[in-house]
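Asks:
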Amino acid sequence: GLQPDSPQRLKAGIYYALEQAADEGHCHLNQATLAQRARALLGIGDELDLEPHLESLISENFIVRELEMLSLTQLYRAERFVAQFTAQRIAAEPHPIIEEQIIERCVAQAAQDLGLEFSPEQLRAVQYATHHPFLIITGGPGCGKTTLIRALSAVYDRANRRVLLAAPTGRAAQRMSQVCGMPAGTIHRLLRYDPHKHKFLHDSHNPLPGDVLIIDEASMLDINLARDLFAAIPGNCVLILVGDKDQLPSVGPGRVFADLLAVREVKSVALSHLFRRSEESSINSVAHMINSGITPEIPAPDGNTKTDAYFLPKTSADEAANLIESLVADQLPRKFGFELDDITVLTPSNRGPLGTNELNKRLQKRLNPENNALTQNQIMHGETCFRVGDRVCQRVNNYNLHEAGVFNGDNGIIYRVDPQNRKLLVELWDGRLIEYESGDISQLSLAYAVSVHRSQGSEIPCVVLALHESQYNLLERQLLYTGVTRAKKLLVVVGSKRALNIASRRTSSKQRCTYLRERIKEYLSNA
Numbered sequence: 031g032l033q034p035d036s037p038q039r040l041k042a043g044i045y046y047a048l049e050q051a052a053d054e055g056h057c058h059l060n061q062a063t064l065a066q067r068a069r070a071l072l073g074i075g076d077e078l079d080l081e082p083h084l085e086s087l088i089s090e091n092f093i094v095r096e097l098e099m100l101s102l103t104q105l106y107r108a109e110r111f112v113a114q115f116t117a118q119r120i121a122a123e124p125h126p127i128i129e130e131q132i133i134e135r136c137v138a139q140a141a142q143d144l145g146l147e148f149s150p151e152q153l154r155a156v157q158y159a160t161h162h163p164f165l166i167i168t169g170g171p172g173c174g175k176t177t178l179i180r181a182l183s184a185v186y187d188r189a190n191r192r193v194l195l196a197a198p199t200g201r202a203a204q205r206m207s208q209v210c211g212m213p214a215g216t217i218h219r220l221l222r223y224d225p226h227k228h229k230f231l232h233d234s235h236n237p238l239p240g241d242v243l244i245i246d247e248a249s250m251l252d253i254n255l256a257r258d259l260f261a262a263i264p265g266n267c268v269l270i271l272v273g274d275k276d277q278l279p280s281v282g283p284g285r286v287f288a289d290l291l292a293v294r295e296v297k298s299v300a301l302s303h304l305f306r307r308s309e310e311s312s313i314n315s316v317a318h319m320i321n322s323g324i325t326p327e328i329p330a331p332d333g334n335t336k337t338d339a340y341f342l343p344k345t346s347a348d349e350a351a352n353l354i355e356s357l358v359a360d361q362l363p364r365k366f367g368f369e370l371d372d373i374t375v376l377t378p379s380n381r382g383p384l385g386t387n388e389l390n391k392r393l394q395k396r397l398n399p400e401n402n403a404l405t406q407n408q409i410m411h412g413e414t415c416f417r418v419g420d421r422v423c424q425r426v427n428n429y430n431l432h433e434a435g436v437f438n439g440d441n442g443i444i445y446r447v448d449p450q451n452r453k454l455l456v457e458l459w460d461g462r463l464i465e466y467e468s469g470d471i472s473q474l475s476l477a478y479a480v481s482v483h484r485s486q487g488s489e490i491p492c493v494v495l496a497l498h499e500s501q502y503n504l505l506e507r508q509l510l511y512t513g514v515t516r517a518k519k520l521l522v523v524v525g526s527k528r529a530l531n532i533a534s535r536r537t538s539s540k541q542r543c544t545y546l547r548e549r550i551k552e553y554l555s556n557a
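Positions 31 to 557 (my numbering) are the ones given, in order, by the sequence shown.
1. The beta strand (DSSP E) that contains residue 471, what's its start and end?
2. Given this structure, state the Cα-to-Cα distance separating residue 301 from residue 43, to the nearest angstrom.
3. When the distance is taken between beta carbons, is residue 421 closer than 7 Å to residue 408?
4. At what residue ranges does the segment 272-325 contain a whole run of the beta strand (DSSP E), taking only runs of 3 or more?
5. Relative to the alpha-carbon of residue 124, which residue among 273, 163 and 86 has its alpha-carbon at the smallest distance?
6. Taking the CB atoms as reference points, tell me whether residue 68 and residue 553 lie closer together than 7 Å.
7. From residue 549 to residue 557, what distance separates their C-alpha atoms?
8. How big is the Cα-Cα spacing for residue 335 and residue 542?
9. Am I right that residue 240 and residue 193 are in contact with their C-beta atoms under 8 Å? What's the rounded C-beta distance?
10. How big is the Cα-Cα spacing for residue 231 and residue 546?
11. Considering just the uninterrupted stretch of the alpha helix (DSSP H) at residue 83, what are its terminal residues?
12. When you compare the CB positions of residue 299 and residue 179, do they come within less than 7 Å of one another, or not?
13. Enumerate in chain order the residues of its own chain whose CB-to-CB distance from residue 140 is below 6 Å, with the five nearest sequence positions on each side excluded.
14. Could you spell out the range, first to last residue, of the alpha helix (DSSP H) harbouring residue 416?
15. With DSSP as the reference, please indicate the residues paired to residue 466 in a beta bridge.
16. Who are the near neighbours of residue 381 in its chain, counting only those whose CB is closer than 7 Å to its CB and skipping five residues on each side?
17. Quick one: Cα of residue 49 to Cα of residue 96, how far?
18. For the 8 Å Cβ check, are there 3 or more pairs between the segment 309-329 and the segment 441-457?
19. From residue 121 to residue 134, what distance separates their C-alpha atoms?
20. What separation, rounded to the nearest whole angstrom, lies between the Cα atoms of residue 2 and residue 474?
21. Is residue 314 closer than 7 Å to residue 276 when the C-beta atoms are compared?
22. What residues are listed by DSSP as bridge partners for residue 206?
23. According to DSSP, residue 75 sits in a beta bridge with which residue or residues?
24. Taking only the alpha-carbon atoms, compute the straight-line gap between residue 78 and residue 36 and give it to the nearest angstrom.
25. Can you tell me the Cα-Cα spacing of residue 252 and residue 52, whole angstroms?
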């Protein structure tokens, strides 16, 4: 092995500390924090000077130092690119992209076709979207984001403009496509990822063929994907980002959506008007209360109250886990008529009695138990037993499993197991059959229970949300809000009132280190 003070080892430690920070969402660290993290990773004290090794990484172009900030070169470049792109769009003179009379005619026609009346906010969004090359639309559940996407694509389509629709996840893209009656795909599919070259076919040299690009669930964009996407957008193509600024930030590094919204010069519309149908939904009012930092009053079921949100108090985590098992396996299908596939348990954590690992073991045992006569229908992988009929979820992006790629958060059902060759055949939610070789199986996890982070971008008919003070460190408003807003027809929160109170009131202390806003301002002042 390497000596504890070998330059190679120390440089690797510094670099890895920045990679770890990126996994936590940071685009940079200051020098003191980086040194502290690197020393902890390397198991060394202050006696070894890391500065020369850091300088060496900088001169070899692995790391960039700017002011007090140290970044991985790739993240530094991505952030600069996104900032420059944004500044150029802001600086462009507003002009009608479609002739004014056509806009009015198309808006009236779209309202008639869709059978709705636009709110003043939605009309303002249409006005901006037809006069500016870059627009951000944000709003909570029930505020008409989806309707607006549908209207904008209809207006542009009527005016003979080529409309491109995409979203970070397959589920969100499919929903967009159903709502707009036009094809929509994942951003990776839109940019046409080439697994052999490890890059996208659409880039600045080969831009996308469109006049307007609408991205839904844009709060999930990390800085690298934003860079790749923005690079492929031709200069005359309008970009519209739609999302919910109050959801959890992207899984990858950066805080792109929130940072762009925080730049005053970026044209944006915040939808806040709750439409009638949405006002009647307790799920939406619970979400809006959480967002305001108020602990929501969610009723316990009393046999009389008809609502779409319930709270079942349990003080002990084990009791809560028992109740969740009974709800999913028996009570919800029996009393509300939900199919098992329509119910998903969401939880803040992976560990502990209410974490995904334990809940998945319990629910698998109850819903898809071992059948001794059919042991050839299962395969052990690490601690997890995968059986035919199990619900599973892909945990990382993999472009080699299928030409269209399989993405983090894609879920499906195990269709066939081949224990001899250690292979699984999974039928994905979109009907594709994917064969997992032994080396790919570790990318799957059981999906009866899923972490709130992994549920981003999905709509679930019935959500059972575990919330307990044993998950104390993870309880915060964005996480609770993201979990609650996944539920479309029914939300059942199981756990302690205290945990609900903590999560509603606590805003995340873990601010991500990003420099996108400042960079945009710099580019604007130099323009």
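C-beta atoms are modelled at their ideal positions from N, C-alpha and C, and glycine is treated no differently. Keep in mind that this is a model prediction, so the values were computed, not measured.
Replies: Inspection of the coordinates gives the following:
1. First-last for residue 471: undefined, no H or E at that position.
2. 46 Å
3. no
4. 298-301
5. 163
6. no
7. 12 Å
8. 42 Å
9. 7 Å
10. 26 Å
11. 81-89
12. no
13. 181, 184 and 185
14. Unbroken run through residue 416 is the beta strand (DSSP E), 414-417; no alpha helix (DSSP H).
15. 454
16. 387
17. 17 Å
18. no
19. 26 Å
20. An answer regarding residue 2 cannot be provided, because it is not within the stretch 31 to 557 covered by the chain.
21. no
22. Residue 206 is not bridged to any residue.
23. DSSP, once it has assigned bridges, lists no residue as partnering residue 75.
24. 11 Å
25. 11 Å
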